[in-house]
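**Student:** Here this note's numbering is used: the first residue of the sequence shown is 4, the next is one more, and so on. Every residue, glycine too, gets a C-beta built ideally from N, C-alpha and C. Here the structure is a predicted model, which means the values were calculated and not measured.
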Amino acid sequence: MIREYRELRLRVIERQRSALLDARSTGRYDSRELEKVLDTLDAEQIMVESRTASVADDWSYF
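1) Taking 7 Å as the cut-off, does the CB of glycine 30 come closer than this to any heavy atom belonging to the ligand NAP?
2) Can you give me the C-alpha to C-alpha distance between arginine 31 and lysine 39, rounded to a whole angstrom?
3) Using DSSP with H/G/I as helix, E/B as strand and the rest coil, what is isoleucine 16?
4) Inspect the beta-carbon positions of serine 26 and leucine 13 and report whether they are closer than 8 Å.
5) Straight-line CA distance for glutamine 5 to aspartate 42?
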């Protein structure tokens, strides 16, 4: 279940990132604001990857 959540969340983050990059390329939104949101997505991706890795490590002992 943990792996499925991780994979799903990472796919969602990637699609969000792609949509934001598309929006930036059209010039529709301020680049600085989009960079802030992209930074947030990066942090969330790191959090998902590190949390699920540490949980998986915990379960590997059983």
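**Tutor:** Reading off the structure:
1) What this structure holds is no ligand at all, so the ligand NAP is not there to describe.
2) 15 Å
3) helix
4) The sequence shown places alanine at residue 26, rather than the serine named in the question. Not in contact: alanine 26 and leucine 13 (Cβ atoms no closer than 8 Å).
5) Note that residue 5 is isoleucine in the sequence shown, not glutamine. Taking the straight line from one Cα to the other gives about 24 Å.
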